[in-house]
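Student:
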Amino acid sequence: MIARGRLISIARKEMRHIFRDWQTLVVVLVMPVMMMFLYGYALNADAKEIPVLIEMPSPDPETRAVADKIDASQLFAVRGVVATAADPAELFKLHNIKALIRFPPGFARDLRRPGGTRVQVLIDGSDPNLGTIIRNAAEPLLLGATLQVLGVEQPKVLDLRTLVLYNPEQSSALFFVPGLMAVILLMISALLTSVAIAREKELGTMGQLLVSPLRPLEIIVGKIIPYVFLAAVDGLLIMTVGRLAFGVKIAGNPWLLATCSLVYIFTALSIGLLISTLVKRQQHAMFAALGATMMPTVLLSGFIFPVASMPLQLQIVSHLIPATYFLEIVRGIILKGVGIHELWRPLLILSFEGMLLMAIAIRKFKVKL
Amino acid sequence: MEPAVRIASLAKDHAGERALRGISLDIPDPCLFGIIGADGAGKSTLMNILATLTDADSGSVRALGRDLAEEFPAIRKDIGYMPQRFSLYQDLSVGENLDFFADIFGISGKAKADRMDHLLAFAGLQTFKNRRAGLLSGGMKQKLALACTLIHHPKLLLLDEPTVGVDPVARRDFWSMLKSLRADGITLVVSTPYMDEASLCDSLVLLHEGGILAQGPPAQLVAAYPFDLFRVEASPEARVTTLNYPGSQEPPPGFALVYPSGGSLHAAESLTASRRDGAAVTAEATSEIPGVQSEDRFRRLRSAIPQAHTVTRIEPALEDCFFALLSGRMRMGPKLPPDPAPAEAPPGGES
Amino acid sequence: MEYSIRTEHLTKSFGSFLAVDHIDVSVAKGEVFGFLGANGAGKTTAIRMLCGLLAPTSGRGTVAGFDIIRESEKIRTRIGYMSQKFSLYPDLSVGQNLRLYGRLYGLGSKDLEARIREMAAFLGLEELLKRVTGSLPWGWQQRLSLACANLHRPEILFLDEPTGSVDPVSRRNFWDLIHRLSEQGTTIFITSHYMDEVEYCHRLSIMIDGRVAAMGTPRELKRDSGCATIHELFLKLVEKKPAGAAA
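Protein chains in written order, with numbering that gives the first Met the number 0: chain A, 0 to 368; chain B, 0 to 350; chain C, 0 to 246.
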């Protein structure tokens with residue numbers, strides 16, 4: 000069915016195209032690293048030194064002591080203290096703060112009364128993630144600080160001890176490196192193959208290939224091989240940069256990770272091929288590939304937003320996307336160190352999707368113009 | 000002997016219009032066969048069908064003894080096809096392009112090296128072996144493209160307007176390459192918009208609106224020219240020596256066509272009854288001595304073309320036939336009778 | 000004599016390679032001037048300099064009375080350019096292409112519509128204004144291309160291999176239009192590889208390796224060289240070039 004010589008000749012030619020077009024090559028090798036650093040900072044969920052302002056109508060020693068404790072915490076940085084905040088919105092704008100902590104007049108006095116007192120925290124909700132962090136942290140911090148100032152021992156009723164598994168430092172690098180693997184491998188494979196085939200159509204060279212004794216399968220497989228390598232190199236690059244720059248270690252078996260990545264690359268290449276059979280121009284191939292891979296992978300695979308919190312319709316879509324399964328596998332291997340026993344199901348689905356798409360692509364590949 | 004290509008009632012629609020309306024045609028083996036015709040006459044459609052890139056809607060093509068629709072994978076081994084647009088890899092070198100096409104046709108080892116050397120020499124590209132194809136001049140690109148289509152010793156070569164954008168010197172070289180391939184026994188089918196090239200072919204077909212308007216050897220087409228043809232020139236002393244006759248202007252009385260040709264005008268006089276139907280060449284018409292000026296003709300041309308100075312009787316060339324055929328003033332049957340040795344081989348034919 | 004194009008020792012070198020080597024070309028107003036040469040002889044480089052797209056290495060030139068080095072902006076509003084690779088948008092209609100080019104050259108709406116009607120009538124495109132450009136035969140696209148280049152009433156039309164891949168009938172019609180434009184006073188500067196049609200030019204130059212090897216009316220050129228056709232002369236000039244570099 001496939002003549003090895005012809006296969007190699009196609010693959011070698013494709014390799015030459017890749018290495019001659021150094022601009023694309025640079026993009027292919029530099030982009031993953033750049034994306035890692037971009038995501039590394041943009042997705043940084045480890046909040047620190049959130050700027051806050053404190054309203055303190057009666058600056059008695061107790062209130063000041065509580066404020067000092069807030070400032071001393073890692074989470075908050077007190078930008079200033081005002082006597083009255085008549086127009087809180089103005090303060091948010093003016094001082095670029097994320098929260099305003101309002102002590103009532105006579106806070107110290109009321110503390111010791113039976114009814115206690117109230118503290119209001121105004122939060123800038125424009126960044127929901129940050130808002131949630133402030134809300135969750137403010138109450139225990141204020142309560143703890145106040146009790147300490149009062150010298151009251153906290154009654155031990157419930158001792159809540161949380162232990163974070165798999166990503167104990169809650170480092171976001173461990174979170175985005177697998178996600179980027181899924182995005183970049185898919186993009187390189189799907190985008191570059193579809194563009195490479197569309198280019199042959201645009202240049203008219205596809206006609207020359209079709210008029211030769213080459214079989215469609217030889218053209219397809221021959222063109223795919225170089226991109227498998229390229230995608231594999233990118234995979235290695237991501238893991239290396241992840242390890243060196245972000246300290247991400249693979250908890251599980253690296254060979255299993257490599258095997259699963261190859262299955263995923265195969266699936267991604269099938270998507271690229273399918274696109275290339277449907278379009279005639281490089282531009283269309285590029286937009287189709289970006290639309291079909293980038294968006295769904297970033298938004299719906301669980302890379303950024305958890306699948307479980309999506310509406311049902313999107314969850315269904317999410318379960319159709321290869322990246323969803325690959326993400327499950329990569330996170331499983333890198334973070335949890337699990338093996339094939341836990342991952343056979345997503346791996347099977349991924350392989351099935353790949354073969355289905357490839358079969359459709361080969362069927363749709365036209366032997367005439 | 001079976002012809003290299005036998006086309007029977009071939010029809011094809013393209014973009015909602017009839018590109019080919021049931022044409023039948025034999026291309027002998029071997030032959031340098033030219034396809035000519037106006038834009039949109041169906042030349043490229045026919046080429047694409049012969050190259051097995053497009054399927055016909057109806058009718059059949061047998062090429063090299065095989066049915067094109069049924070056995071196209073096998074036929075592709077024996078066909079070389081050079082599309083209209085330069086279709087090689089511009090980022091690969093001359094040698095790499097040849098190497099690649101050798102590989103996909105399964106030519107390897109010594110056979111490949113020999114064939115590549117031979118073709119580089121044939122195309123005169125030895126010194127450019129390592130140059131990127133994209134950096135070659137127009138003429139050299141076409142020679143490389145021809146070399147690539149020859150890599151697998153095809154028996155049938157299809158060339159779709161191969162010399163467009165190529166300068167006269169390179170074009171002449173290219174055609175001498177085609178001639179030598181023909182001499183080696185290959186059948187070549189070439190479409191061209193240039194009549195000087197068409198006149199180099201063994202045989203021609205003129206397509207018009209998807210049908211065959213005329214076919215036969217160039218000499219036979221020229222011989223069937225039904226008019227007396229005159230060249231009208233301006234005075235050498237005139238400031239503007241180039242004559243023009245707007246296509247919208249009616250020809251002078253008694254003349255069928257007047258059109259510019261190489262700075263002068265060609266005027267076809269429609270009076271000579273003996274040549275009307277394009278039946279056969281009569282000795283009487285061709286034996287007339289060129290250069291004789293008829294007073295009456297001169298007067299009529301003169302009154303229509305004020306700058307006319309000299310009127311010379313000339314032999315028609317292929318381009319004159321092309322104009323006459325397309326104007327509908329000259330007719331030829333789709334099939335000429337099997338040539339009972341013409342009385343006299345008219346000049347300007349094959350060399 | 001009023002000149003549309005004049006160059007003196009116009010030269011362009013790329014590194015050590017002399018693409019255009021001291022050429023002196025003068026084209027009178029309303030003249031149809033054929034600018035011939037083999038592939039790579041330097042024609043395109045010369046045209047780019049005349050259009051103000053490329054700065055000469057040395058020498059001078061004026062186009063439509065403006066200096067090609069200092070006043071290239073002014074030149075560009077007074078010339079029209081059409082190349083073999085027609086820069087038409089195949090997915091737009093004929094009328095839309097015309098409107099687009101008219102606006103690009105700064106024609107006002109009223110003037111533009113009148114001018115489009117005028118050009119369409121002149122080129123016989125009236126029936127086709129609503130047709131999608133890509134669906135038209137090559138010869139018609141060529142006419143449309145000429146219409147686009149001529150919409151803003153340029154003094155000079157640069158036509159770079161406008162007739163490649165065009166059948167004899169369309170080619171003849173095209174030259175018909177060229178001559179009518181010339182009669183209206185437009186200067187035509189045209190390149191072609193088709194030696195039969197260049198005899199329709201009023202005057203010709205033949206470039207060999209960056210130099211002008213011959214210039215004159217087709218008749219003069221043939222008479223002086225003893226060649227029967229320009230085609231023959233062209234081949235003769237190209238053939239003798241290794242020996243006759245100084246000629």
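By construction, the Cβ of each residue, glycine as well, lies at the ideal position given by its N, Cα and C atoms.
I'd like to check one pair, I26 of chain B with A197 of chain B: are the Cβ atoms closer than 8 Å?
Tutor: Their beta carbons are not under 8 Å apart, which means A197 of chain B does not touch I26 of chain B by this criterion.
Student: With which residues is A62 of chain B paired in a DSSP beta bridge?
Tutor: For A62 of chain B, which the question treats as bridged, DSSP gives the partners B:V4 and B:R65.
Student: Mark I53 of chain A as exposed unless 16 or more other C-beta atoms lie within 10 angstroms of its C-beta, in which case mark it buried.
Tutor: Buried, because 16 or more other Cβ atoms sit within 10 Å of the Cβ of I53 of chain A.
Student: How many Å lie between L243 of chain A and F36 of chain A at the Cα?
Tutor: Going from the Cα of L243 of chain A to the Cα of F36 of chain A covers about 12 Å.
Student: Which chain C residues are close to M194 of chain B, counting only those with a beta carbon under 7 Å from its beta carbon?
Tutor: Within 7 Å Cβ-Cβ: P167.
Student: Given that Q22 of chain A touches chain B, what residues does it touch there, using C-beta distances under 8 Å?
Tutor: Simply none; closest approach about 12 Å.
Student: Restricting to Cα atoms, I'd like to know which of A:V65, A:V77, A:S72 and A:I69 is closest to P50 of chain A.
Tutor: Minimum Cα distance to P50 of chain A is reached at A:V77.
Student: Is it buried or exposed, I315 of chain A, if we count other Cβ atoms within 10 angstroms and call 16 or more buried?
Tutor: It counts as exposed.
Student: Kindly give me the distance between the Cβ atoms of D159 of chain C and I229 of chain C, rounded to whole angstroms, as I take these residues to be in contact under 8 Å.
Tutor: No, D159 of chain C and I229 of chain C are not in contact; Cβ-Cβ is about 19 Å, not under 8 Å.
Student: Candidates C:V24, C:I4 and C:A37: which alpha carbon is nearest Y193 of chain C's?
Tutor: Selected option, being the one with the closest Cα: C:A37.
Student: How would you label T131 of chain A, buried or exposed, when you count the other beta carbons within 10 angstroms and need 16 or more for buried?
Tutor: Classification for T131 of chain A: exposed.
Student: Let's test the definition: count the other Cβ atoms within 10 Å of the Cβ of F99 of chain B and tell me whether it reaches 16, buried, or not, exposed.
Tutor: F99 of chain B is buried by the Cβ-count criterion.
Student: Under 8 Å, with one C-beta from each stretch per pair, do the segment 41-52 of chain B and the segment 212-230 of chain B reach the 3-pair mark?
Tutor: Contact fails: fewer than three Cβ-Cβ distances are below 8 Å.
Student: So, is V262 of chain A buried or exposed, given that buried needs 16 or more other C-beta atoms within 10 angstroms?
Tutor: When all chains shown are included, V262 of chain A counts as buried.
Student: For a test of the three-state rule: what should DSSP assign to E287 of chain B, helix, strand or coil?
Tutor: Residue placement at E287 of chain B is flagged as unreliable, the pLDDT there being 40, under the threshold of 50; the coordinate-derived value follows with that caveat. Residue state, collapsed to three classes: coil.
Student: Please list the residues of the segment 92-106 of chain B that have a C-beta atom closer than 7 Å to any C-beta atom in chain A, keeping them in chain order.
Tutor: The segment 92-106 of chain B vs chain A, Cβ under 7 Å: E95, F99, D102, I103, F104 and G105.
Student: Pull the bridge partners of S25 of chain C from the DSSP assignment, please.
Tutor: The partner list for S25 of chain C (beta bridge, DSSP) reads C:R5.
Student: Tell me the start and end of each unbroken beta strand (DSSP E) in the segment 25-107 of chain C that is at least 3 residues and wholly inside, in chain order.
Tutor: The segment 25-107 of chain C contains these whole beta strand (DSSP E) runs: 25-27, 31-36, 57-62 and 78-82.
Student: Using the Cα positions of F322 of chain B and V24 of chain C, report the straight-line distance between them to the nearest angstrom.
Tutor: So the two alpha carbons sit approximately 35 Å from each other.
Student: If you check the beta carbons only, do P161 of chain B and V189 of chain B fall under 8 Å apart?
Tutor: Taking 8 Å as the Cβ cut-off, P161 of chain B and V189 of chain B qualify as a contacting pair.
Student: Could you check whether the Cβ of N38 of chain C sits closer than 8 Å to any Cβ belonging to chain B?
Tutor: Closer than 8 Å: yes.
Student: K140 of chain B versus chain A: which residues are under 7 Å apart at the beta carbon?
Tutor: Simply none; closest approach about 13 Å.
Student: Rounded to whole angstroms, what's the CA-CA distance from R102 of chain C to E1 of chain C? Just pull it up for me.
Tutor: Going by the C-alpha atoms only, they are around 30 Å apart.
Student: Spatial neighbours of P250 of chain C within its chain, please: C-beta separation below 7 Å, excluding the five flanking residues on both sides.
Tutor: A query on residue 250 of chain C cannot be resolved here, the shown segment of chain C reaching from 0 to 246 and no further.
Student: Is it buried or exposed, G107 of chain C, if we count other Cβ atoms within 10 angstroms and call 16 or more buried?
Tutor: Exposed, since its Cβ has fewer than 16 Cβ neighbours within 10 Å.
Student: Of all the options C:V165, C:G105, C:K11 and C:E30, which has the alpha carbon lying nearest to the alpha carbon of G60 of chain C?
Tutor: Nearest of C:V165, C:G105, C:K11 and C:E30 to G60 of chain C, Cα basis: C:K11.
Student: Output, in sequence order along the chain, the residues in the segment 144-167 of chain C whose CB is closer than 8 Å to any CB in chain B.
Tutor: Result list: E160, G163, S164, V165, D166 and P167.
Student: In chain D, what lies closer than 8 Å to Y199 of chain C by C-beta?
Tutor: The question asks about chain D, but that chain is absent: this structure's protein chains are A, B and C.
Student: Would T186 of chain C and G29 of chain C qualify as a contact pair, given that the criterion is a beta-carbon distance under 8 Å?
Tutor: Yes.
Student: With DSSP as the reference, identify every bridge partner of D195 of chain C, one or two as the case may be.
Tutor: Answer by DSSP bridge pairing: none, since D195 of chain C is not bridged.
Student: Who are the near neighbours of G253 of chain B in its chain, counting only those whose CB is closer than 7 Å to its CB and skipping five residues on each side?
Tutor: Hits under 7 Å: E268, S269, L270 and R299.
Student: Mind checking the segment 2-15 of chain A against chain B and listing, in chain order, the residues whose C-beta falls within less than 9 Å of any C-beta there?
Tutor: Listed by position along the chain: A2, G4, R5, I7, S8, I9, R11, K12 and R15.
Student: Of the choices C:A227, C:L234, C:I177 and C:E238, whose alpha-carbon is the least far from that of F32 of chain C?
Tutor: Comparing Cα positions, the closest option is C:I177.
Student: Is K142 of chain B helix, strand or coil by DSSP?
Tutor: Three-state result, K142 of chain B: helix.
Student: Going along the chain, which residues of its own chain have a beta-carbon closer than 8 Å to the beta-carbon of G138 of chain B, five neighbours each way excluded?
Tutor: Answer for G138 of chain B: V165, D166, V168, A169, R170, D172 and F173, listed in chain order.
Student: M194 of chain C touches chain B at which residues, Cβ-Cβ below 7 Å?
Tutor: Those are P167, listed as they occur along chain B.
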